[in-house]
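Trainee: One structure, as structure tokens, below. Some questions next.
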């Protein structure tokens, strides 16, 4: 009898071993745990859902002013800079003096104005005299016509010099050659290329000042060649700066360059941001996160619901207050506050996403 029992036990063990070989052993040993009424008040239960997988790409970039809302102030004439009234970053009002320049060109224009004015007066008297003589039959029509043409030429020369002075100073010049540079629009001085004592050459194409209202700014971000396919116009961009590490500025990708930068082999993308409070300054370094949605879908849960233990990811599944299970899940990726799951959960499964670590320890026997 004893031998038969031993033989039966041995056969049972072999059958059990064979059955186990066809199953995947559970990741953890779940113990019976009940959610008490007091514990129910401090937990949060979420439902796993099917969602489109979001993707994120982190880029480096820098702040620039909006080229569409800037005014560049160019020199009208060559000369020496006597004084500069503003500094880089100053807020200026329309018509405010930016700099004072002494220009030989301006002084020459006023000399030409005086000379052409004198010539005009002379030819006007000659015309009046020729008209009188012609009407009284003393001189010929030819003499009168010639005098009239000379007067018209003198008048045109005088008007030309007046226009030159108006264009090259807009009423902000004086006969002594002083040229006052004034702000054409209100805004902030975002670029300054002159200093007192410097000389403005006629062949210098650089602007003296650049003024921007700074209501909007551009972020130029760098995209490496391997990531070009992951960035498109319209994608959401979240921008952070060293100056304001806890503040996130949100905008859209407005433009993607068609060519790589020849120096560092990156593609430039432009992001337009509203500059509320004028916090963003040109040349600031930024970190840019580009978010887009892929076509693929998977089960998604709150990222805070995942428990990371022994290089694996787990969740606490809530079937009822008396039926809790710890289940291992395979994580595809985590984007912002959402974790995407490839296996271990199905849509509709309920999981604990707050204080789940208390139940995880109790169920898995880790306490």
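Numbering (full-length UniProt numbering), first residue to last: 1 to 367.
Note that the Cβ used here is the ideal one computed from N, Cα and C, for glycine as well.
Remember, it's a predicted structure, so these values are computed and weren't measured experimentally.
On the criterion of 16 or more Cβ atoms from any shown chain inside 10 Å, does residue 296 qualify as buried, or is it exposed?
Mentor: Within the chain shown, the letter at position 296 stands for residue 296. The residue in question, residue 296, is exposed, as its Cβ has fewer than 16 Cβ neighbours within 10 Å.
Trainee: Exposed or buried, which one is residue 214 when buried takes at least 16 other CB atoms within 10 Å?
Mentor: Counting from one through the chain shown, the residue named residue 214 turns up at place 214. Classification of residue 214: buried, given that the 10 Å Cβ count is 16 or more.
Trainee: How far does the beta strand (DSSP E) with residue 35 in it reach, from first residue to last?
Mentor: Start at 1 with the first residue of the chain shown, and residue 35 comes out as number 35. That residue, residue 35, is in no beta strand (DSSP E); it is neither H nor E in DSSP.
Trainee: Our contact map puts residue 351 next to residue 316 with C-beta atoms below 8 angstroms; I'd like the distance itself, whole angstroms only.
Mentor: Taking the chain shown and counting its residues from 1, one reaches residue 351 at position 351. Taking the chain shown and counting its residues from 1, one reaches residue 316 at position 316. Between residue 316 and residue 351 the Cβ distance is about 6 angstroms, and since that is below 8 angstroms, they are a contact.
Trainee: Is residue 197 near residue 335, with beta carbons less than 8 angstroms apart?
Mentor: Here the question's residue 197 lines up with position 197 in the chain shown. Here the question's residue 335 lines up with position 335 in the chain shown. Result no, Cβ atoms of residue 197 and residue 335 do not sit closer than 8 angstroms.
Trainee: Based on Cα-Cα distance, which residue from 134, 363, 321 and 361 lies nearest to residue 39?
Mentor: Along the chain shown, read from residue 1 onward, the residue named residue 39 stands at position 39. Comparing Cα positions, the closest option is 321.
Trainee: Could you check if residue 98 is buried or exposed, using at least 16 other CB atoms within 10 Å of its CB as the buried criterion?
Mentor: Reading the chain shown from its first residue, position 98 is the one you call residue 98. Residue 98 comes out buried.
Trainee: Given a threshold of 16 other Cβ atoms within 10 Å of its Cβ, counted over all protein chains shown, does residue 116 qualify as buried or as exposed?
Mentor: By one-based count along the chain shown, residue 116 stands at place 116. Its Cβ being crowded by 16 or more others within 10 Å, residue 116 is buried.
Trainee: Taking all protein chains shown into account, decide if residue 242 is buried (16 or more other Cβ within 10 angstroms of its Cβ) or exposed.
Mentor: Sequence index remark: in the chain shown, residue 242 carries index 242 (1-based). With fewer than 16 other Cβ atoms within 10 Å, it is exposed.
Trainee: What are the partner residues of residue 297, as DSSP defines its beta bridges?
Mentor: Locating residue 297 in the chain shown gives position 297, where the first residue counts as 1. Answer by DSSP bridge pairing, in chain order: 52.
Trainee: What are the boundary residues of the beta strand (DSSP E) that residue 328 is part of?
Mentor: Translated into the one-based positions of the chain shown, residue 328 becomes position 328. Taken as a continuous stretch (DSSP letters only), the beta strand (DSSP E) holding residue 328 covers 323 to 335.
Trainee: For residue 278, count the other beta carbons within 10 Å of its own beta carbon; 16 or more makes it buried, fewer makes it exposed. Which is it?
Mentor: Position 278 of the chain shown holds residue 278. Residue 278 comes out exposed.
Trainee: Apart from the five residues on each side of it in sequence, which residues of its chain come closer than 8 angstroms, Cβ to Cβ, to residue 248?
Mentor: Taking the chain shown and counting its residues from 1, the one referred to as residue 248 is at position 248. Once the five neighbours on either side are set aside, the close Cβ partners of residue 248 are 238, 239 and 240.
Trainee: Measure the Cβ-Cβ separation of residue 342 and residue 298 and say whether it is below 8 angstroms.
Mentor: Taking the first residue of the chain shown as 1, we reach residue 342 at position 342. Taking the first residue of the chain shown as 1, we reach residue 298 at position 298. Yes, the Cβ-Cβ distance between residue 342 and residue 298 is below 8 angstroms.
Trainee: Taking just the CA atoms, how far does residue 282 sit from residue 53?
Mentor: For the purposes of this step, residue 53 is taken as the residue at position 53 of the chain shown. For the purposes of this step, residue 282 is taken as the residue at position 282 of the chain shown. Distance between the alpha carbons of residue 53 and residue 282 is about 34 angstroms.
Trainee: Is the segment 167 to 183 touching the segment 39 to 50 in the sense that three or more CB pairs, one from each, lie closer than 8 angstroms?
Mentor: Counting Cβ pairs under 8 angstroms, fewer than three are found: no touch.
Trainee: In whole angstroms, what is the alpha-carbon distance linking residue 357 and residue 313?
Mentor: Taking the first residue of the chain shown as 1, we reach residue 357 at position 357. Taking the first residue of the chain shown as 1, we reach residue 313 at position 313. Near 12 angstroms, if we compare the C-alpha coordinates of residue 313 and residue 357.
Trainee: When the Cα atoms are used, what is the spatial distance from residue 78 to residue 65?
Mentor: Taking the chain shown and counting its residues from 1, the one referred to as residue 78 is at position 78. Taking the chain shown and counting its residues from 1, the one referred to as residue 65 is at position 65. If you take the alpha carbons of residue 78 and residue 65, they lie about 28 angstroms apart.
Trainee: Does the beta-carbon of residue 246 have 16 or more other beta-carbons within 10 angstroms, so that it is buried, or is it exposed?
Mentor: Here residue 246 is taken as the residue at index 246 of the chain shown, counted from 1. So residue 246 ends up on the exposed side.
Trainee: Taking a contact to mean a Cβ-Cβ separation below 8 angstroms, would you say residue 130 touches residue 147 in this structure?
Mentor: Here the question's residue 130 lines up with position 130 in the chain shown. Here the question's residue 147 lines up with position 147 in the chain shown. Yes, the Cβ-Cβ distance between residue 130 and residue 147 is below 8 angstroms.
Trainee: Report the option in 153, 103, 101 and 138 whose CA atom is closest to the CA atom of residue 118.
Mentor: Position 118 of the chain shown, counted from the start, is the residue given in the question as residue 118. For the residues 153, 103, 101 and 138, the minimum Cα distance to residue 118 belongs to 153.
Trainee: Measuring only the C-alpha atoms, how far is residue 228 from residue 218?
Mentor: One-based indexing of the chain shown puts residue 228 at position 228. One-based indexing of the chain shown puts residue 218 at position 218. So the alpha carbons of these two residues sit roughly 19 angstroms apart.
Trainee: Consult DSSP for residue 246 and reduce its assignment to one of helix, strand or coil.
Mentor: Locating residue 246 in the chain shown gives position 246, counting from the first residue. DSSP places residue 246 in coil when its eight states are reduced to three.
Trainee: Where do the N-terminal and C-terminal ends of the beta strand (DSSP E) with residue 372 fall, by residue?
Mentor: Residue 372 is absent from the structure shown; the chain starts at 1 and stops at 367.
Trainee: Using the C-alpha atoms, what's the distance from residue 318 back to residue 345?
Mentor: Numbered from its first residue, the chain shown carries residue 345 at position 345. Numbered from its first residue, the chain shown carries residue 318 at position 318. The straight-line gap from Cα to Cα measures roughly 12 angstroms.
Trainee: Below 8 angstroms between beta carbons: does that hold for residue 162 and residue 127?
Mentor: Counting from 1 along the chain shown, the entry for residue 162 is found at position 162. Counting from 1 along the chain shown, the entry for residue 127 is found at position 127. The answer is no: Cβ separation not under 8 angstroms.
Trainee: Let me see if you follow: with CB-CB separation under 8 angstroms, is residue 346 close to chain B or not?
Mentor: The structure shown has no chain B; it contains just one protein chain.
Trainee: Specify, as a first and last residue, the run of the beta strand (DSSP E) that residue 237 falls within.
Mentor: Along the chain shown, read from residue 1 onward, the residue named residue 237 stands at position 237. Run containing residue 237: 236 to 241, per the beta strand (DSSP E) assignment.
Trainee: According to DSSP, simplified to helix, strand and coil, what is residue 46?
Mentor: The sequence position of residue 46 within the chain shown is 46, counting from 1. Strand at residue 46.
Trainee: Should residue 16 be labelled buried (16 or more other beta-carbon atoms within 10 Å of its own) or exposed?
Mentor: By one-based count along the chain shown, residue 16 stands at place 16. Here the model assigns residue 16 a pLDDT of 36, short of 50, so the residue's position is not dependable, and the following value carries that caveat. Residue 16 comes out exposed.
Trainee: If you run the structure through DSSP and keep just helix, strand and coil, what is residue 133?
Mentor: Residue mapping note: residue 133 aligns to position 133 of the chain shown, counting from 1. Helix, per DSSP.
Trainee: Helix, strand or coil for residue 354 per DSSP?
Mentor: By 1-based counting over the chain shown, the position of residue 354 is 354. In the structure shown, residue 354 sits in a strand (DSSP, three-state: E or B).
Trainee: What span of residues does the beta strand (DSSP E) with residue 221 cover, start to end?
Mentor: Looking up residue 221 in the chain shown gives position 221. Where residue 221 is concerned, the enclosing beta strand (DSSP E) stretches over 216 to 224.
Trainee: In whole angstroms, give me the CA-to-CA distance for residue 21 and residue 329.
Mentor: Against the chain shown, residue 21 aligns to sequence position 21. Against the chain shown, residue 329 aligns to sequence position 329. Confidence is the limiting factor: at residue 21 the pLDDT is only 36, short of 50, which leaves the residue's position unreliable and the question unanswerable from this model.
Trainee: Taking the beta carbon of residue 307 as the centre, do at least 16 other beta carbons fall within 10 Å, making it buried, or is it exposed?
Mentor: Residue mapping note: residue 307 aligns to position 307 of the chain shown, counting from 1. By the neighbour-count rule (16 or more Cβ atoms within 10 Å), residue 307 is buried.
Trainee: Can you tell which of 58, 323 and 304 has the C-alpha that lies nearest to the C-alpha of residue 331?
Mentor: By 1-based counting over the chain shown, the position of residue 331 is 331. Of 58, 323 and 304, the residue nearest in Cα terms is 304.
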